[in-house]
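Here is the structure we will look at, set down as structure tokens.
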Amino acid sequence: MKRNVLTLILLMTFILNFSNVNAKEEEKYLDKNSIKILAEYHINEYLERELNEEIIISDNEILLDDVTGKEIAYLVPFANEKGEQKGFMIIDSRINGYGVCEVNYNVEELDNILEKSKNEKLVYIFPNRIKTETEIKLKMKESSENKNIEKYILPESSALNIVDNIKIQSRKLNLINNNINKNIVTTDSTHEIVMLSGNPDLTFVPIKDGSKTYYGCNQAWFSSELGNEQGCGTAAAANIAYHMAAYVQGCSNLYKYSTSILDRPYFINHMEDVYDYVTPHTGILPGIPGVNDIKNKFLEYARSKNVYLYARIYDNPSYLDNIDKTSNFIKEGLSIDSPVAMMQHDDDDFTGDLNHFNWHWTTITKYFRNNATDDRFIAISSWGERYSFNLKLLVDAYPNTYIYFKKV
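So the sequence shown is residues -23 to -1, 1 to 385, counted in mature numbering (1 follows the signal peptide of the UniProt record, and there is no 0).
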């Protein structure tokens, strides 16, 4: 009898402890209603400003795991008021997480993800990688990357409860004013937006191909296999050359045609022209592996066009963990109509994927800050498409290098 009573007590203690553990585990995550609050807030504060149209949340959100099988995020599709899909956002599901991690405007990619989700659990790796569990297991089995599995998991955030934070009334903050008005748009006292000319109409190097308008060029357009696979830095340089030719006085020679000519075949010729100077490496570190490499090669290209520039570089590891210094550097470039090239230095087993962002050059076109919540996002051009990333998460997750060019 005593043994039975003792067994019962131990069993009840175990159940209570197990329940407490589960409760504590559940307390770490946002419920679906909180995810919806975050999504709607981001739509109101950022997306509708970015797309210049009314945006609504679609109902078919998808729960995503990290590579260890733990819940980490939700994929939330969004559409316009006509019901046309416009893209999706990834929202960190942790209570003390980063909120919206990224926004992807590629509807074709969304369709592929939704189709995959019908048959298998999906796994999220920041940035811009959503895999099936089978794909993850296969990758891990083929490599030694399972020894460094932490690199694939979202870092811990120092934020307070993210939902409570966005419920705070917007503080009356004075925006930074560096006396360069055409590139700074302040919609109200709680937002700071710094962007390139051309961005007010949502364009950046708007290359035309029939009814399609690209957001910058795509390295897949290079004629060589090396350019296709390793030409991200060259593509970024081609974007920068065109934009400076169009908007920076004394730089018109950086683009061989009239800047009003943006049909895809003409722009590909421009890309090949840049490729002759900003040529990717082969070997152990293929592509344009270093910031000094892209600096020297682009300056040489500019000199060949009788345009004289100098480079501003932000590549000091002791600085890169500081969100304010990173933000200020990006704003410096954008405010003088110089697109900021960014390289994310993190090599991993998924760098061979289409549309990867690891060990990859992209072009920053816009900086956005909500001063009430301190959310910061950058818009970038890569693969001919527009993406938006949570800048705090980028800074916390990876060492990044930045460069922009100025007229001498």
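All C-beta atoms in this analysis are idealised placements derived from N, C-alpha and C, irrespective of residue type, glycine included.
Determine whether the beta carbon atoms of residue i and residue j lie at a separation below 8 Å.
i: residue 361; j: residue 243; result: no
i: residue 370; j: residue 103; result: yes
i: residue 207; j: residue 263; result: yes
i: residue 69; j: residue 50; result: yes
i: residue 181; j: residue 304; result: no
i: residue 377; j: residue 320; result: yes
i: residue 383; j: residue 280; result: no
i: residue 52; j: residue 38; result: yes
i: residue 363; j: residue 82; result: yes
With distances taken Cα to Cα, identify the nearest neighbour of residue i among the options.
i: residue 168; options: 346, 350 and 39; result: 346
i: residue 110; options: 43, 89, 310 and 26; result: 43
i: residue 179; options: 93, 343 and 320; result: 343
i: residue 373; options: 62, 204 and 134; result: 134
i: residue 187; options: 240, 174 and 215; result: 240
i: residue 6; options: 73, 131, 193 and 96; result: 73
i: residue 20; options: 10, 48, 46 and 55; result: 55
i: residue 194; options: 205, 176, 215 and 200; result: 215
i: residue 40; options: 28, 93 and 18; result: 93
i: residue 300; options: 275, 274, 375 and 61; result: 375
i: residue 59; options: 32, 38 and 131; result: 32
i: residue 201; options: 256, 176 and 224; result: 256
i: residue 199; options: 210, 189 and 249; result: 249
Which of the three DSSP states, helix, strand or coil, is assigned to residue i?
i: residue 64; result: strand
i: residue 278; result: helix
i: residue 54; result: strand
i: residue 351; result: coil
i: residue -13; result: At residue -13, the pLDDT of 35 sits below 50, so the modelled position is not reliable; the number obtained from the coordinates is stated separately. Helix, per DSSP.
i: residue 265; result: coil
i: residue 229; result: helix
i: residue 133; result: coil
i: residue 149; result: Any answer about residue 149 is weak, because its pLDDT of 35 lies below 50 and its placement is not dependable; what the coordinates show is given next. Correct three-state label for residue 149: coil.
i: residue 75; result: coil
i: residue 343; result: strand
i: residue 371; result: helix
i: residue 192; result: coil
i: residue 378; result: strand
i: residue 32; result: strand
i: residue 164; result: For residue 164, the predicted model reports a pLDDT of 47, less than 50, meaning its position is unreliable and no value from the coordinates is stated.
i: residue 303; result: helix
What does the alpha-carbon distance come out to for the pair residue i and residue j?
i: residue 285; j: residue 112; result: 48 Å
i: residue 78; j: residue 354; result: 9 Å
i: residue 380; j: residue 322; result: 14 Å
i: residue 251; j: residue 265; result: 13 Å
i: residue 128; j: residue 339; result: 21 Å
i: residue 108; j: residue 226; result: 45 Å
i: residue 86; j: residue 365; result: 15 Å
i: residue 219; j: residue 236; result: 7 Å
i: residue 272; j: residue 84; result: 34 Å
i: residue 57; j: residue 30; result: 7 Å
i: residue 307; j: residue 341; result: 8 Å
i: residue 245; j: residue 315; result: 21 Å
i: residue 26; j: residue 16; result: 14 Å
i: residue 114; j: residue 45; result: 10 Å
i: residue 174; j: residue 310; result: 12 Å
i: residue 97; j: residue 234; result: 49 Å
So, at 6 Å on beta carbons, what are the nonlocal neighbours of residue i in its own chain, with the 5 sequence-adjacent residues on each side left out?
i: residue 228; result: 221, 222 and 284
i: residue 231; result: 218, 221, 222, 282 and 284
i: residue 90; result: 107
i: residue 291; result: 306 and 379
i: residue 130; result: 43
Just to confirm my understanding: we take residue i, look at its own chain, exclude 5 residues before and 5 after, and list those with CB closer than 7 Å. What are they?
i: residue 13; result: 34
i: residue 259; result: 203
i: residue 185; result: 239, 240 and 241
i: residue 213; result: 318, 338, 339 and 340
i: residue 23; result: 345 and 354
i: residue 385; result: 285, 286 and 287
Closer than 8 Å by C-beta to residue i: which residues in its own chain qualify, once you throw out the five before and the five after it? Chain order, please.
i: residue 367; result: 75, 76, 77, 78, 79, 352, 353 and 354
i: residue 277; result: 254
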